[in-house]
Every structure is written in structure tokens, then in C-alpha cells.
Amino acid sequence: MKKLLKGGRVVDPANGLDGAFDILIDGDRIAKVGRDLPVGGATVIEVPAGLVVCPGLIDMHVHLREPGQEHKETVATGVASAVAGGFTAVACMPNTSPVNDSATVTSLILAKAAAANLARVYPIGAVSKGQKGELLADIGELKAAGCVAITDDGHPTATALLLRRALEYAGMFGIPVVEHCEDPTLKGDGVAHEGYHASRLGLRGIPGACESLGVERGVLLAELTGSHFHVAHMSARGSMRAVRKAKEAGVRVTCEVAPHHFTLTDEALGTPVPYDTNTKMNPPLRETADRDAMIQGIADGTVDVIATDHAPHHYDEKKVEFDRAPFGIVGLETAVALTFDRLVHAGHIPLRRMIELLSVNPARVLNLPGGSLSEGAAADITVLAPDLPVHIEAAKLRSRSKNTPFDGWQLRGGVAATLVGGRIVYANPAAPWPVVAE
Amino acid sequence: MTTIGEQIDSTPAVTSLRRKDLLGIADMSPEEIALILDTAEAMKEVGSRPIKKVPALRGKTVVNLFFEPSTRTRTSFEIAEKRLSADTLSVAIGTSSVVKGETLADTALNLEAMSPDMIVLRHSSSGACHLLSRICRSAIVNAGDGTNEHPTQALLDALTIRERKGRLRGLKVAIVGDLLHSRVLRSNIHLLTKMGADVWVCGPPTLVPAEMSRFGVRVTSFVDEAVADADVVMLLRIQLERMEGAYFPSLREYFQVFGMTEARLRLAKPDVMIMHPGPMNRGVEIASEVADGPYSVILDQVANGVAVRMAVLYLLAGGAEHEEAA
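As C-alpha cells, this is what we get:
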């Protein structure tokens, strides 16, 4: 079974390609990339003008909630949401119930992902047993079962000592430690960014320094251990400064920024809907100078990855007082549109850089097989529609949860189709894409 | 010759509140504030009659939904409602189904199914009134939400100041105490700055909200600077548990640095007013001699609370227009 994607603009930064190329897919692999490839019995898919064919997007920070919180999301609904958002692979966080601190839980997630058979799922294991911050999880076992990194995400690693040990130990297996950077004493019972808007609304504040302290701690320990430290969902300008300096000094640090942190500011706490719990996430929406620092870091190369921190919550859980609502929003199905609209069309980054941030670099950070259209690689391909008008409707999201602050937003740039292992797993009916999903 | 502010103080341009709820002072116009204060003055007269009752809210049902303990505010609302002839019901936490794990939204919707006209809400979460406003048809009156607002307190403070000083515009008002955890502060800042007062706020830096200067007020941690030539000094309650958060070392030290003593008050204008929203901690934020002294209007504030709440309920129910229709 062969497919020939014909005539699209192919952007493959890993191989330095940007131009009109054909892609021949044989089974689940990319067989050939070149100009005017012979059809040779393949099913021809004429890629409409204006669309962009790129390596499959990878979201390295999602919460699939299974096992234990299936009312929010399951692996099956999560990967359906992923492919609708253009992602061919996701890495899922271990703060499930039970925590993914064992091969048993990892295997369960992988079995559910295989059954769903949409996006690829790469589990991330816990740093500590039960994410309790005391004993190291069985990291070798987790790696062998398929985990690609470790983290105690949801919370920071409990102590500097434990983080040091995790970096040293995980370094042996060549996997990074992904850190939710935060000083818990400085966070206290805060619920929103400490600034004008939280002051005005009477919401308890979380200063940017709370995150940056965690980043500085991790950077210093990465330098001490020589291991790979990855900063999750970065939001504060002090954190960006710390990562930039660390990279200049040659420390093995990488970082990610979520679309809501380069799009929104804490002004959203009060308008258009005051105390909208879909503007509550951790780290919180920060002030304009922080948001601008995220865009600057994305543009100048300090930021490696755009990752969504997709955090589904049931509407019952969000339809409460602001300070009682859980932190987090869904992000898989809005990331591409926000990145196009707010970064590419706004002139901050070129399309090639967008694909590095969403595909090439997450593959490199987690040592995943994707991120390129190399011959012989798995045919994980995303087809982007850079000028597609996108109207975000929360009710129509494929995720089981609808907790997004972007409901009703009109953006430019979306997804036309998503191919995983050569199979068209998503085709956007609103985009000019000629074939339906298989 | 009168200034524009004095005209606003005395001659409101609007005759009814064209809004469903009273969520806070933040989104109110100076004209609406003046209307409430003027109406409250008229309501005050009702309280001096032998028969303290008018039929303005006859047939209307008001539910007082209090999720936090409150003596002063709840009593004040209840008296206001009864003087307006409303049918009233008070639901306090502990006797409600909240202890069974019901959400605020469900509690409100269940009450709403019994068709009240207004819900007066006191809640520990900032924004709780906004949440109810979005899901309830009833008018929502904010009786204090978290550390956000306590609008009727600011209105009764303004009424008290206006009675004594004849105006709000141009007065120097110093607010001293725990600014961070105070909903009274936020409502008062909104109200007083909208009405043209010169507002100074003062407290230890640990208890000052971020970006306070962007609220159109002067911020200082030097209490003498705040009190100097003040027309009004308003003190905010210092909660004893704040010491545990390391906001300040001890009540004794707080009183030494910030406590309002007679000596400090001598820096203010000779006819300074001393206000406190209560409950007071004598010997912490305020010396007893000051609380009980000739400048204190603390009990006037309480008395004016009833009149202001009558005005708010009356105007939200439609004011004179409603009475004509009925």
C-alpha cells in the first residue's frame, strides 16, 4: 500500500528542505522524498496549493488522565484530540492515579494507546515513587517499559537533593528530567500571577520568582551533574533569563513554553469574563513583560519546544469559585492555530521555526524517532493550512474536557490532515484537503 | 461656586440602577454611587420613625446566603430588608447542605428554584458573586467576597464621610492596616478615587498588594506620612493569624509601628474622622482612647449601614419606577 503526496510545499528543517517536493509513503514508512516522483502504483494525493507538509508534530507535555481520572480524559479521547490538533505523538505526564511510577502503569497506558491507534503515546515516568518526593521511582524499569523521561510534574521535585539524584541516575539511561519549576513556599496558596490584576480581583498571588527559583535550582544541578534538565511550561521572564544564561554557559538545559503563555496575560483573569476558571493554570498567566519575554525567547532560539500542558478538567470541577477550581486548560486542539496566528503571522518567527518548535526539537529533547521526513522514517506527517480561518468552539473539541479560555476565538492557520504511520488519522473537513480519514 | 464633583455629590444624573446585581464598586459610575448615597439619606429617615417600615419591597423575597460568619453585615442586611417589608430568609453555613459537599452553584440553583428576587451573598472566595451572577436570574448583592470587594461597606463609609464633611472630593483619606487581605480596602479605593478623594494607603510592605500604586492611590509604609493632614483615617483589622504567615513579628510591634494613637492623630487635620469597619482589635490597629474618642464615627458607620443597604435593595428592585408600576 503506497501513497504519493504530490505537489505540496514540504518543510523539513531536520533535512534542510523547504520547497515543492513529493513524498512517497510505502506502508508505514517514508520511502522517498523528491521532485516529480513516479507514481508507480501508489495512490496519489494531490496536496492543494497553500498547504504545508511537515514532519508530524509532537506535544511533549500532555495529561491524558488515565488511569484514574477518566472523567477528565482517557488515552483514547486524548489521542483523538491530539490528531485533531495536528499532533502525531504526545508524551504524557505521570500524575495519574495511580502514579506512573512502574512498568505496570506504563504498560497499561501503552496498551490503551495501541488500542486507540491514533497518535503515538510516549509515557513519562515519575521521578519519585508515588510522586511523594521521597524515594526514587524504578527509573530503569520505567525506561525499559517505554518511558522517555521522568518528572514529578504537577509539583516540583521535592528537594534539591532528590532532584540531584534523579538527574544523576536518569543521566545513566540517557533520559532527561522534566521539571515543573516552582518554589512551593513562595507559591503558598496562590491562585493567579501576583500583579495588578490579581490585586484588583483579590486573588492570592504567585510571583514569577516562584518559578524562576525552581529554574535556577535545576540549572545549577544540571551543571553539577552534567545531566539533561528540561524546564516544563515556562512562563516568567526571570526563568527565560536563567535558561538563556545557562545555555550560554554550556549547561545541558532545554525548555518549553505553552501557547497560552505566549498568547494571554493576566488581564484575562478579569475580562471578558471576570474570574473565569479557564484562565486558571499553573504556572499562571503572567503580565505583559513576561508574555513578551516568552515570545522573545521563542524568536531568539532560547526556547526549544512549544508544548501545550494539555490539562483536561471536567466542567463540574471548573464550575466553582476561582480559588477552588483546579489549575489547567486543554491545549492540543488550539496549539497550531495559536502558534500560526500569534507567532508566525504576527511576524515573530518563520514557518520553519514553528516546525522546529513543534516537531524537530521535542523529538530531540526526548530522543524520539520523529521530527523529520527522512527516507526510512515512520510516515508521521502533519499537513498544515497556514491561512485557514479557524473558529475555536469549545463544545466541538474532541477532548473529553472543554476547559479552554479560547472559546469563540477566530484565528488564522490550522491543520489540514494528520498522518500517523502512513495512515490518514485525521482530515479537517474545514480545510481544502482532498481525502477523508482512514 | 461648586465644583463638578460637588455637583455629582449632590445632584445625581440617574434615578435608578440599571443593573441586575451589585457585585462591586469597580464597575459603578460616580453617578450611580451618588444616587445610592442620596437614596440612603432618604432611607435614614425611615429608621427614625416610630414605625420603621415602608412597603417598598412588599412581596419580594430576599435570601441572605452567608458562607462566612458575620454578625454586623448580616444583621444590617436583615434589618434593611425588614424595614422595606421584604420577605427574608437567612441561610448560614453549617445549617445548609454545603456541609454535605454541595457546590456553590448547586446551592444557588436550588434556592433559585424557589424564586427569590434577590440573593445577598457573603463568601470566602473572591469572585463568588460573579459566579452566581452568571447562573442566577435573581439579583445578586455582594455582602463581601473573599478579598475582592465589600461594596455596601464602602458605600456606608462614604455616606458617613459625606454627612460629616459635606463632600468626598478633595478629602485626604488615609487607610491603614492589612491591605492585602481586605475587601473593604478594595471597595473603598474604587469608591473614593471615583468620587475624587485623595486616597493614601499604608501598611507593612508584607501586607500591601502588588502594583497598588496603579490603583490611583498613594502608597506608603510610613504611617505618619499617611496621617499627616488627613481628613479621614480609616483603620483595617489586623487578623491575629497573620503573624503565622510572617507578615509582621508581633501584635505589640505592629501597634508600635502602625497603631493609631492619639499622638499620631495630632498630625491629622483638627477635625479628622476615625473610621473602622469592625470588628476592632483594641491595642493592635487602634488605641482604645482613639476608638472611644471624640473623632471616632465607628458607631455612625454601623447605623448608616442599614440605610445604605435599604437604598441598594430598593434601587436594585427598580426604585421609584418599580413602585409606580406596582
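So the sequences go chain by chain: A and B. Going by the numbering used here, the first residue of the first sequence is number 1, and it counts up by one from there. Going by the numbering used here, the first residue of the second sequence is number 1, and it counts up by one from there. For each residue, glycine too, the CB sits at the ideal point set by N, CA and C.
- Query: Interface residues of chain A around Gly216 of chain B at Cβ under 9 Å?
  - Reply: The premise fails here: Gly216 of chain B is roughly 11 Å from chain A at the closest Cβ pair, so nothing lies under 9 Å.
- Message: Please tell me whether Arg162 of chain B has its Cβ less than 9 Å away from any Cβ of chain A.
- Response: no
- Task: Compute the Euclidean distance between the alpha carbons of Ala467 of chain A and Ala76 of chain A, then round it to the nearest angstrom.
- Result: With chain A represented from 1 up to 438, any question about residue 467 of chain A goes unanswered, as that position is not in the structure.
- Using only alpha-carbon positions, find the residue among A:Pro38, A:Ala20 and A:Leu51 that is nearest to Asn428 of chain A. A:Leu51
- Message: Would Asn148 of chain B and Ser126 of chain B qualify as a contact pair, given that the criterion is a beta-carbon distance under 9 Å?
- Response: yes
- Under 8 Å Cβ to Cβ from Pro259 of chain A, same chain only, skipping five residues before and after it: list those, please. Ile306, Thr308, Gly331, Thr334, Ala335, Leu338, Thr339 and Arg342
- Cβ separation of Ala105 of chain B and Leu121 of chain B, assumed to be a contact under 8 Å, to the nearest whole Å: Incorrect: roughly 12 Å between the Cβ atoms, too far for contact.
- Cβ neighbours of Asp12 of chain A in the same chain (closer than 7 Å, five flanking residues each side left out): Cys54, Pro55, Ser372 and Leu373
- Query: Enumerated in chain order, which unbroken segments of the beta strand (DSSP E) with a length of 3 residues or greater are wholly contained in the stretch 17 to 67 of chain B?
  - Reply: 61 to 66
- Query: Using a Cβ-Cβ cut-off of 7 Å (strictly less than) and excluding sequence neighbours within five positions of Ser212 of chain A, which residues of its own chain qualify?
  - Reply: Ala236, Gly238, Ser239 and Ala242
- Query: chain B beta carbons: is any one of them nearer than 9 Å to that of Val273 of chain A?
  - Reply: yes
- Using a Cβ-Cβ cut-off of less than 9 Å, give me the residues of the stretch 194 to 221 of chain A that come near chain B, in sequence order. Glu194, Gly195, Tyr196, His197, Ala198, Ser199, Arg200, Leu201, Gly202, Leu203, Arg204, Gly205 and Pro207
- Message: What does the Cβ neighbour count give for Glu321 of chain A, buried or exposed, with the cut at 16 atoms within 10 Å?
- Response: buried
- Message: Distance check for His123 of chain B and Leu235 of chain B, CA to CA, integer angstroms please.
- Response: 22 Å
- Item | Met310 of chain B versus Glu81 of chain B - alpha carbon distance | 7 Å
- Got a sec, what are the start and stop residues for the alpha helix (DSSP H) Phe262 of chain A sits in? Pro259 to Thr263
- Query: Just how far apart, CA to CA, sit Met1 of chain B and Gly203 of chain B?
  - Reply: With a pLDDT of only 37 at Met1 of chain B, under the threshold of 50, the placement of this residue in the model should not be trusted; the figure read from the coordinates follows. Approximately 37 Å, taken between the alpha carbons.
- Query: Just reading off the alpha helix (DSSP H) that Tyr122 of chain A is part of, what are its end residues?
  - Reply: Unbroken run through Tyr122 of chain A is the beta strand (DSSP E), Arg120 to Pro123; no alpha helix (DSSP H).
- Query: At a cut of 8 Å, does the stretch 133 to 147 of chain B reach the stretch 21 to 39 of chain B through at least three beta carbon pairs?
  - Reply: yes
- Item | DSSP-derived helix/strand/coil call for Leu235 of chain B | strand
- Task: Report the rounded CA-to-CA distance for Ala148 of chain A versus Arg183 of chain B, giving the unit in angstroms.
- Result: According to the sequence as given, residue 148 of chain A is Val; it is not Ala. Straight-line Cα distance between these residues: approximately 48 Å.
- Query: Under 9 Å between the Cβ atoms of Lys112 of chain A and Val99 of chain A?
  - Reply: no
- Query: Which residues of chain B have a Cβ atom closer than 7 Å to the Cβ of Phe322 of chain A, listed in chain order?
  - Reply: Ser125, Ser126 and Gly127
- Task: Within the stretch 190 to 245 of chain B, note down every full beta strand (DSSP E) run reaching 3 residues or more, in order along the chain.
- Result: 198 to 202, 218 to 220 and 232 to 235
- Message: For Ala113 of chain B, count the other beta carbons within 10 Å of its own beta carbon; 16 or more makes it buried, fewer makes it exposed. Which is it?
- Response: exposed
- Message: When you compare the CB of Lys319 of chain A with every CB in chain B, is at least one pair closer than 9 Å?
- Response: yes
- Query: Quick one: is Ala443 of chain A buried, meaning 16 or more other Cβ sit within 10 Å of its Cβ, or exposed?
  - Reply: The structure shown does not extend to residue 443 of chain A, since chain A is modelled only from 1 to 438, so the question has no answer here.
- Query: First and last residue of the beta strand (DSSP E) that includes Ser90 of chain B?
  - Reply: Asp87 to Ala92
- Query: Taking buried to mean at least 16 other C-beta atoms within 10 Å of its own C-beta, is Tyr315 of chain A buried or exposed?
  - Reply: exposed
- Please report the Cβ distance between Gly47 of chain B and Ala307 of chain B, rounded to the nearest whole angstrom; I am assuming they are in contact, meaning their Cβ atoms lie under 8 Å. 6 Å
- Beta carbon proximity, Asp290 of chain A to chain B, threshold 9 Å: no
- Item | Against chain A: residues of the stretch 173 to 190 of chain B by CB proximity under 7 Å | Arg183 and Arg186
- Using 10 angstroms around the beta-carbon of His310 of chain A, count the other beta-carbons present and answer buried if the total reaches 16, otherwise exposed. buried
- Looking at Thr193 of chain B and Thr73 of chain B, is the spacing between their C-beta atoms short of 9 Å? no
- Query: Arg218 of chain B to Arg200 of chain A, Cα distance in whole Å?
  - Reply: 16 Å
- Under 9 Å between C-beta atoms, does Asn110 of chain B make it to chain A? no
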